[in-house]
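Residue numbers (this note's numbering): 7 to 495.
Where a beta carbon is used, it is the ideal one built from N, C-alpha and C, also for glycine.
Only one structure is covered here, and it is reproduced in the block below.
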Ligand SMILES: Nc1ncnc2c1ncn2[C@@H]1O[C@H](COP(=O)(O)OP(=O)(O)O)[C@@H](O)[C@H]1O
Ligand SMILES: [Mg+2]
């Protein structure tokens, strides 16, 4: 007899429908699993056999063939166990085969018949809904995550027995409560920062306009401190964004079990590889840029990152996604991030500093500069010089707080959104200022477009109805690096 059960494979961060077909016919006892599975899928035979027997069912002493369709898709990991077991039970008449039509099941089996949790249940739930499968059975611990998806009946169970009961509808467990939003962590606050009016403004403009930002200056002046506070001034994730982020983190196995409501902030070490940054591997896994999706990717000590890693990041920053090609397969990962980077201006860190002379030779300084200016810099709209604050600044009270800045950022974003993609007009003064800068050779056409876009964000923060000359001049000022004139981007 033949039975079919639906389950899902995760390809990148997308759920793909996999149909497990089990055929049982007379012959010498054998159990074969076909359909491009990896070692874990081949080993499913042993787990399924033991789980079926230890759950009090009979394991058919016949020729059993399980096919995981489509055969062209590589199947990785133990997530197909439960679907194979259910199809074996249906094909051997131990449960009515008709019942398995409207269910999908996702989980690994232990030898004792326990249903074990696996990463990626939220993606699987979205797949089930997209394919119009009304009921999804998942391991108990993953119920809240799967229940985030509306319009789907989720049964969260602990054993193969319970999977069968839920599939036949004989005994349905209480539906799980959807995962609650993670408590707001707060994180460090801008009120800790002394001095740095320009850098604070740079952070605010970056947050309001989703511009990429570079903080440059000598060591110990607060660059890392500033960058780590960017998350605290960004508006919270929308529900759709929260679900997208939760799904990615669940697949990567770094989920909290709750609904992630704070924007991700990822700060990979500078020794990271290109694959670690943008994703890769023989079975492509998401990289840091994808784990930072809808949030912030922070590259501290930017000049220390390998050239290939920075090169790899270039296109994803521009497009908002990265495409990984492995043989015949193409995997797409979302990478809609804000980039914030910090760096010293030269190997010793003091080029352009007031308090100390730079000890680097001219050649070293140039080499460092080239390393920075290569692959990524033309993707960065804001470059702020972070110099040592004055003693009086260190002693003065905080200039602002994250809550205050976040309020202004949210308003500016709302103004931009209300315009629905239409740009703001330039006043004649602003037009003259950008023409002057362009004709002086300080801007490339790309740089010119970026200055305009930053000026527009500043106008939105100010509530201006058009981009004024002051907005434009400030935008030009926020592209200057220490020890250099305006950046030829
Ligand atoms: N402007 C500042 N206001 C308050 N504390 C500061 C400031 N700059 C530096 N610090 C203190 O110095 C520490 C080191 O700063 P950090 O951000 O790591 O410097 P950088 O990344 O520029 O080398 C911070 O954790 C903070 O305690
Ligand atoms: Mg630092």
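- According to the DSSP secondary-structure assignment, residue 219 is paired through a beta bridge with 346 and 388.
- In the pairwise beta carbon analysis, the segment 392-412 is classified as not touching the segment 437-454: fewer than three pairs are separated by under 8 Å.
- When the Cα atoms are used, residue 253 and residue 155 turn out to be separated by approximately 11 Å.
- Under the Cβ criterion (8 Å, minimum of three pairs), the segment 98-105 does not count as touching the segment 120-136.
- In the three-state reduction of the DSSP assignment, residue 52 falls in the helix class.
- Straight through space, the alpha carbons of residue 110 and residue 116 are spaced by roughly 19 Å.
- Taking a cut-off of 8 Å for Cβ pairs, the segment 70-84 and the segment 10-22 touch, as three or more such pairs fall below it.
- Every residue whose Cβ sits closer than 6 Å to any heavy atom of ligand 2 is listed here in chain order: 229, 230, 306 and 348.
- Taken through DSSP and simplified to helix, strand or coil, residue 266 comes out as coil.
- Taken in chain order, the whole beta strand (DSSP E) runs of length 3 or more contained in the segment 271-359 are 302-306, 327-332, 335-340 and 344-349.
- Secondary structure note for residue 145: its beta strand (DSSP E) is the uninterrupted segment 141-145.
- Going by DSSP, residue 181 is part of no beta strand (DSSP E) at all; its letter is neither H nor E.
- Per DSSP, the beta-bridge partners of residue 70 are 30 and 37.
- In the DSSP assignment, residue 361 falls outside any beta strand (DSSP E) and carries neither an H nor an E.
- Nearest in C-alpha terms to residue 37, of all of 69, 27 and 56, is 69.
- Remark: the C-beta of residue 296 is outside contact range of ligand 1, defined as less than 8 Å to any heavy atom.
- Residue environment: residue 428 is assigned as exposed (fewer than 16 neighbouring CB atoms within 10 Å of its CB, all protein chains considered).
- Short of 6 Å from the beta carbon of residue 133, and not among the five residues preceding or following it, lie these beta carbons of its own chain, in chain order: 14 and 21.
- Of the candidates 112, 135, 10 and 25, the residue whose Cα lies closest to the Cα of residue 101 is 10.
- Residue ranges of uninterrupted alpha helix (DSSP H) with 4 or more members, entirely inside the segment 60-127 and ordered along the chain, are 87-97.
- In the DSSP assignment, residue 15 forms a beta bridge with 22.
- Ranked by Cα distance from residue 64, the options 439, 96 and 34 are led by 96.
- The alpha-carbon separation between residue 202 and residue 454 amounts to approximately 26 Å.
- Listed in chain order, the non-local C-beta contacts of residue 332 below 7 Å within the same chain comprise 288 and 290, local neighbours out to five positions each way being set aside.
- Between residue 73 and residue 91, the alpha-carbon positions lie close to 12 Å from each other.
- Linking residue 147 to residue 419 through their CA atoms gives a straight-line distance of about 37 Å.
- Your pair residue 457 and residue 210 does not check out as a contact, with CB atoms roughly 17 Å apart and the cut at 8 Å.
- With a cutoff of 9 Å on beta-carbon distance, residue 140 and residue 184 are scored as not near each other.
- Relative to the non-hydrogen atoms of ligand 1, the Cβ of residue 211 never comes closer than 8 Å to any of them.
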